[in-house]
Amino acid sequence: MIRVRFAPSPTGYLHLGNVRTALFNYLFAKSQAGRFILRVEDTDLERSKPEFRAALIEDLRWMGIQWDEGPEAGGAYGPYLQSERLAIYKGYVERLLAAGKAYACYVTEEEAEESKRLARLEKRPPRFDNRGRHFTAQEIESRKARGIKPTIRFKVEDPQVVLHDLVRGEVHFNLDDMVGDFVIVRADGSPTFHLAVCVDDGLMGVTHVIRGEDHLSNTPKHILLLKAMGFTPPQYGHLALIHGPGGEPLSKRLGDVSVREFRRKGYLPFGLANYIALLGWSPGENREILSWKELQELFSLERVNKGPSIYDPHKLDWLNGEHLRRLAPEEFAARAFDFLQQGGFLQTMEPSLVMKVLPVFQDNIERFDQLPDKIGFLSEDFGYENRGWLESDEGREVCRAALEILPEMEVAEDGLYDRFVNALKPKVRAKGKNFFMPIRMALTGREHGPEMKRLFPALGLNRAELRFKRAVSV
RNA sequence: GUCCCCAUCGUCUAGCUCGGCCUAGGACACCAGAUUUUCAUUCUGGCGACCGGGGUUCGAAUCCCCGUGGGGACGCCA
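The working numbering puts the first residue of the first sequence at 16, with every later residue one more than the last.
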């Protein structure tokens, strides 16, 4: 059974890069009938915040990414918060220490840094020189006396590591020119990321680790650590990173690429998911618009690209629009209504009218946040974009004539607008633009908008009459 | 600086595994036109790429080497 995990640290909001990692793990699990685990990596007490943890869970849920095990879902391998697993890590550290595979290191942070700085200066690989490994008992005592608290370092004894990466193929590392003995327990006694990850991946039976390329250089360390603790290392797959529209790393402009921001702008979760999936992956056969279901069936790691890709808001918008258009009209209206209501845009509008009119915009928008501006006229106090159409002689004539006709019309919605227009035409001089624009202006206050044929019946005869009355008085 | 990764239109990509079917396909964006008495949608057309240099081969986008460019890592962050 394939087991994968998404292991974010709750130190900020989920952004495009994070969700893509989550999504690829999820899709991989689904396509292989495996299990998807959510694990929260909150060993950095300073920066981890409970509110970010809550936000993360909420954002993942919104996306439609469901975890089989993890916070709020439970599972046989819990707890799934690293801050609740401290005792477990401690046990492994003791075993490592006893086996001589790790050691207490009395070198201070400053000294270690100095050793790396010097190496860089001499154009040698900038690694720690492991000087604490061979301190005499006397040296250690004197350092203890000076109040120096030790870290625990893992002994790197076999620096040649070969990784068979699922997306990159064979990668060779020589730890000698990368790192020295690395810290697994900080001076304050807390475990580092490396330790926690390895213990958890081992204990939780993770079979495949799909993560960002920024972790590639950590992987040899993890393989060594895992083996030292008696675990079989999982298979790894490293995803190239996503960059912003200007080619800059995503983290710097976190604000507008966070999942929360995409929610706020009114994207469909599966529209976003579809777009993200296409960043670094393709199903082939020129297929682009895919449903959640198709995504889950078609996804494969073999088709994941090795190069980094740039996020393009235009294409996201287009793709989201495509998904919007594929929605059943009732679903479109329901989702749009929710979005508008949550944003507080519906205060002065009649809900039943809004629901009736919304489907008219289905072909008009790419995101829900384009709606508030367009439906402003559903509020009875809407303003006129261009009064000229109403103030002209021809415009006035159109509105007055409309007022004569409206009370006598049959209310049946079928062909209502055509009947209205056909009855109105013979009564006025205006033609073409001069005929249609006053109607549009009186009814919607705008020169541009949705098809009148669809809008008119949704507004209804009574409301139309009210609006023409108002129009003649300007 | 050291190590690792990557490289097809402006962007996302197909093709690369098993070299000829590639005068390199699709999509977004952009430009032009058609439809819609508005806008949008839709449709048609256009612009536009195998990073450079060497090999290997009858033949290379596809294989090899070097260069260049981009990215990542080098934390008692994750």
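Using N, Cα and C, we set each Cβ at its ideal position, and we do this for glycine too.
In terms of alpha-carbon separation, which member of the options lies closest to residue i?
i	options	result
Leu305	Phe285, Asn320 and Ser324	Phe285
Ala113	Ala243, Phe188, Glu87 and Ile163	Ala243
Asp216	Pro141, Cys120 and Gln250	Gln250
Glu185	Gly262, Cys120 and Gly252	Gly252
Val214	Arg161, Gly245, Asn233 and Thr166	Gly245
Leu254	Ile380, Val34, Arg100 and Asp433	Val34
Asn189	Val182, Asp180, Glu172 and Val198	Glu172
Gln97	Phe450, Val55, His149 and Gly475	Val55
Arg50	Ser394, Arg434, Thr222 and Thr247	Thr222
Pro65	Arg382, Tyr28, Leu101 and Gly410	Tyr28
Pro344	Gln356, Gln362 and Asn379	Asn379
Ala117	Leu60, Lys138, Glu99 and Ile199	Ile199
Lys170	Arg161, Gly204 and Lys236	Lys236
Suppose you measure from the CA of residue i to the CA of residue j; what does that come to, to the nearest Å?
i	j	result
Ile225	Leu178	14 Å
Ala473	Glu466	11 Å
His187	Trp82	33 Å
Val369	Lys389	12 Å
Val489	Phe354	34 Å
Gly261	Pro328	11 Å
Pro374	Phe347	7 Å
Gln385	Tyr104	50 Å
Phe67	Glu87	15 Å
Leu181	Glu365	55 Å
Gly115	His30	41 Å
Arg18	Leu342	33 Å
Glu412	Ile454	11 Å
Leu75	Phe383	20 Å
Val108	Gly359	53 Å
Keeping to the same chain, check which residues put their C-beta closer than 6 Å to that of residue i; ignore five residues upstream and five downstream.
i	result
Asp191	Pro174
Glu84	Ile52 and Gly90
Gly322	Ala255
Ala202	Lys164 and Thr166
So, at 7 Å on beta carbons, what are the nonlocal neighbours of residue i in its own chain, with the 5 sequence-adjacent residues on each side left out?
i	result
Leu283	Asn335, His338 and Leu339
Ala416	Leu439, Lys442 and Val443
Asp144	Ser130 and Gly195
Arg135	Pro141
Phe352	Val369, Met370 and Leu373
Leu316	Phe43, Leu181, Val182 and Gly252
Would the beta-carbon of residue i fall within 8 Å of that of residue j?
i	j	result
Gly32	Ile257	yes
Phe43	Phe314	yes
Gly324	Leu294	The sequence given here places Ser at residue 324; Gly does not occur at that position. Yes, the Cβ-Cβ distance between Ser324 and Leu294 is below 8 Å.
Gln311	Ser46	yes
Ala427	Ala457	no
Ala70	Arg275	yes
Ile163	Ala119	no
Tyr121	Arg158	yes
Pro206	Thr26	no
Ser297	Arg318	yes
Glu400	Gly475	no
Phe435	Met424	yes
Leu218	Tyr92	yes
Asn449	Glu409	yes
Gly79	Ala292	no
What is the residue span of the alpha helix (DSSP H) that residue i lies within?
i	result
Ala417	Asp408 to Ile420
Arg168	Looking at the DSSP string, Arg168 is not in any alpha helix (DSSP H); the run it does join, the beta strand (DSSP E), is Thr166 to Phe169.
Asp216	Phe208 to Leu218
Asn477	Leu476 to Val487
Asp353	Pro344 to Gln357
Leu240	Thr234 to Ala243
Ile72	Pro65 to Met78
Gln311	Trp307 to Leu313
Ala152	Ala152 to Ala160
Asn320	That residue, Asn320, is in no alpha helix (DSSP H); it is neither H nor E in DSSP.
Asn40	Leu31 to Ser46
Ile103	Leu101 to Ala113
Asn189	Segment Gly184 to Asn189 is the beta strand (DSSP E) holding Asn189; no alpha helix (DSSP H) there.
Gly85	Element bounds for Gly85: n/a, residue is neither H nor E.
If you follow the beta strand (DSSP E) that residue i is part of, which residue opens it and which one closes it?
i	result
Ile390	Per DSSP, Ile390 belongs to no beta strand (DSSP E) and is neither H nor E.
Phe197	Phe197 to Val200
Ala18	A quick correction: the sequence has Arg, not Ala, at residue 18. Per DSSP, Arg18 belongs to the beta strand (DSSP E) from Arg18 to Phe21.
Tyr282	Counting along the chain, Tyr282 falls outside any beta strand (DSSP E), and DSSP gives it neither H nor E.
Val176	Gln175 to Asp180
Arg50	Arg50 to Leu53
Gly259	Segment: none, Gly259 is in no beta strand (DSSP E) and carries neither H nor E.
Leaving aside the five residues before and after residue i along the sequence, list all residues of the same chain whose C-beta is less than 8 Å from its C-beta, in chain order.
i	result
Tyr290	Lys330, Leu331, Leu334 and Asn335
Arg146	Val122, Glu126 and Ser130
Glu419	Lys442
Would you say the beta carbon of residue i comes nearer than 7 Å to a heavy atom of the ligand FMN?
i	result
Gly398	With respect to the ligand FMN, the structure offers nothing, as it holds no ligand at all.
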